[in-house]
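Working notes for the structure below.
Have a look at this one:
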């Protein structure tokens with residue numbers, strides 16, 4: 004009888020602990036979500052399917068359809084445990100993050116940048132009710148993790164994958180003072196996005212993957228090396244290698260002396 008009572012209490016304790024953990028996780032999401040605007044930042048245009056495909060392949064999507072899993076706080080927590088388990092089991096380096104989660108990550112980062120930029124405009128004004136700007140900024144730092152968590156989950160649920168790709172392509176750093184793929188198409192090839200080839204689109208997308216510090220005209224050899232390395236890491240044969248013909252079509256600019 005005593006043993007049966009013990010197991011009954013133990014089972015009840017486990018259930019209570021799980022329930023408390025679920026409430027804690029859901030509360031963390033609700034707290035972060037409460038700081039987000041009702042309508043998240045939107046891309047300014049729709050991009051051609053080829054541009055979306057190139058982005059998807061650059062994220063490791065390969066031949067799989069452009070689609071993203073819809074997350075909630077519990078599936079998100081499961082992904083964290085899965086990532087930790089995979090990391091502990093790895094013996095030959097870090098495993099690649101799935102393409103759909105990379106797309107959600109880039110989407111939420113682009114949305115967060117727009118949100119923070121709009122919010123910062125209010126912070127630089129005199130702080131209300133006697134609070135200092137430093138205190139306001141510090142509070143943002145405290146809330147960052149909760150808000151980022153909620154934004155990641157909400158991004159996965161709020162947009163179709165094509166719209167996510169549009170937001171990523173419409174928010175970035177392509178070099179030559181280009182913050183969108185549309186601006187980059189004009190800055191590098193003097194053409195609208197719709198007229199670019201797969202190779203030209205790949206060049207521009209990879210610029211936003213960290214190659215923007217190597218202008219393909221001013222630092223041609225450095226860019227070629229970085230481009231080839233990026234293709235090797237992605238490992239998708241349908242992302243084309245860089246040809247002399249594409250480089251010849253670049254819009255010429257005045258290169259800085261230290262280029």
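Numbering (the numbering used here), first residue to last: 4 to 262.
Note that the Cβ used here is the ideal one computed from N, Cα and C, for glycine as well.
Note that the coordinates shown come from a computational prediction; the quantities given were computed from them, not determined experimentally.
message = Just verifying my parser: in three-state terms, what is the DSSP assignment at residue 38?
response = coil
ask   = Would you call the CB atoms of residue 76 and residue 184 closer than 9 Å?
value = no
query = Secondary structure at residue 71, three-state DSSP: helix, strand or coil?
reply = coil
query = Is the beta carbon of residue 208 less than 9 Å from the beta carbon of residue 61?
reply = yes
key: Identity of the residue in 81, 79 and 70 nearest residue 102 by Cα   = 70
ask   = The alpha helix (DSSP H) spanning residue 225 covers which residue range?
value = 223–237
query = Alpha carbon to alpha carbon, how far is residue 57 from residue 87?
reply = 30 Å
task = Go ahead and pull the three-state DSSP assignment for residue 130.
result = Caution is warranted here: a pLDDT of 49 is assigned to residue 130, below 50, making its placement in the model unreliable, and the coordinate value is therefore given only provisionally. Correct three-state label for residue 130: coil.
request  = May I have the straight-line CA-CA distance separating residue 302 from residue 192, to the nearest angstrom?
outcome  = Because the chain is modelled from 4 through 262, residue 302 falls outside the range shown and cannot be assessed.
key: Reference residue 256; option with closest CA among 203, 189 and 171   = 189
task = Out of 109, 84 and 254, state which residue places its alpha-carbon closest to the alpha-carbon of residue 166.
result = 109
ask   = Exposed or buried, residue 238, counting other C-beta atoms within 10 Å across all chains shown (16 or more means buried)?
value = exposed
inquiry  = So residue 226 and residue 234 are supposed to be a Cβ contact under 8 Å. How far apart are they, rounded?
reply    = In fact, because the Cβ distance is near 12 Å, the residues do not count as touching under 8 Å.
ask   = Under the rule that 16 or more other beta-carbon atoms within 10 Å means buried, what is residue 158, buried or exposed?
value = buried
task = Inspect the beta-carbon positions of residue 114 and residue 154 and report whether they are closer than 9 Å.
result = yes
ask   = In its own chain, which residues sit with a C-beta less than 7 Å from the C-beta of residue 34, not counting the 5 before and 5 after it?
value = 149
query = DSSP three-state call for residue 46: helix, strand or coil?
reply = coil
Proximity below 9 Å, CB of residue 54 to CB of residue 168 = yes
inquiry  = Helix, strand or coil for residue 62? Go by DSSP, reduced to three states.
reply    = coil
query = Just the Cα atoms here: how many angstroms apart are residue 160 and residue 45?
reply = 14 Å
ask   = Leaving out five residues before and five after residue 231 in sequence, what residues of the same chain have Cβ atoms less than 8 Å from its Cβ?
value = 244 and 245
request  = Please confirm whether residue 219 and residue 253 have their CB atoms less than 9 Å apart.
outcome  = yes
inquiry  = Buried or exposed for residue 91, going by 16 or more other Cβ atoms inside 10 Å?
reply    = exposed
query = Using CA coordinates, which residue listed in 106, 118, 197 and 38 is at the minimum distance from residue 48?
reply = 197
inquiry  = If the criterion is Cβ atoms closer than 9 Å, does the pair residue 199 and residue 223 meet it?
reply    = no
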